[in-house]
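The numbering of the sequence shown is this note's numbering, which starts it at 7 and goes up by one.
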Amino acid sequence: MGDGEKRTVFVTVGTTCFDALVQAVDSERVKEALLQKGYTHLLIQMGRGTYAPSKVTGNSTLQVDYFTFSPSIADYIREASLVISHAGSGSIFETLRLSKPLIVVVNEDLMDNHQSELAEELAERKHLFCARPQTLQETIQAMDLTTLQPYVPGDAKPVVTLINKFLGFPGE
């Protein structure tokens with residue numbers, strides 16, 4: 007890594023309110039862990055949350071900024087060196103399709119949290135890291151990006167062909 011290289015961590019909560027995640031990434035402990043991993047910028051998309059992160063960091067040189075919503079977060083993900091996301095399937099799969107390292111933070115306050123099942127399964131398959139707001143610092147410190155496996159989306163065409171055949175539609 008060359009001196010002065012910009013390495014951005016993009017944090018997204020989607021359209022939800024997930025203040026616990028925003029507060030976690032805003033903590034000095036997490037910011038320090040990101041700095042130790044060589045990240046220089048922290049950009050937080052805070053959604054409907056009411057907690058406003060601090061743009062000032064203690065003794066660190068991590069540059070912090072935030073916003074509420076954007077029509078598309080694809081460009082932010084594309085520019086990021088690391089993405090920290092809520093467990094929404096849209097955010098997860100968009101990040102994986104763009105081949106960006108990803109830490110998914112599960113919102114334990116949600117009822118019937120099927121999102122945690124998705125995040126934990128993808129973590130088990132080594133496509134991403136999974137954390138809770140209270141374990142985010144430890145996850146960042148322990149993460150080894152070289153252990154991540156690329157995510158290859160499945161091909162739905164055989165299923166579509168089978169359904170079309172079953173319904174009596176002509177083949178290609």
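For every residue, glycine included, the Cβ atom is placed at its ideal position computed from N, Cα and C. This structure is a prediction, so every number in the text was calculated from the model and none was measured.
A direct Cα-Cα distance of roughly 25 Å separates L102 from D115. Counting only residues of its own chain and dropping the five nearest sequence neighbours on each side, F16 has a CB closer than 7 Å to the CB of L49, Y82, I83, A86, V89. Residue state for S97 is assigned as helix, using DSSP reduced to three classes. Counting of Cβ neighbours within 10 angstroms places K61 among the exposed residues, the total staying below 16. In this structure, Q51 lies near G20, with their beta-carbon atoms less than 9 Å apart. Here the stretch 24-37 makes no contact with the stretch 120-127; the two share fewer than three CB pairs at distances below 8 Å. Closest in alpha carbon position to Y57, among A129, L27, R138, is L27. Listed in chain order, the non-local C-beta contacts of M149 below 6 Å within the same chain comprise F135, local neighbours out to five positions each way being set aside.
From the listed residues V158, Q147, N113, the smallest Cα separation to R131 is found for V158.
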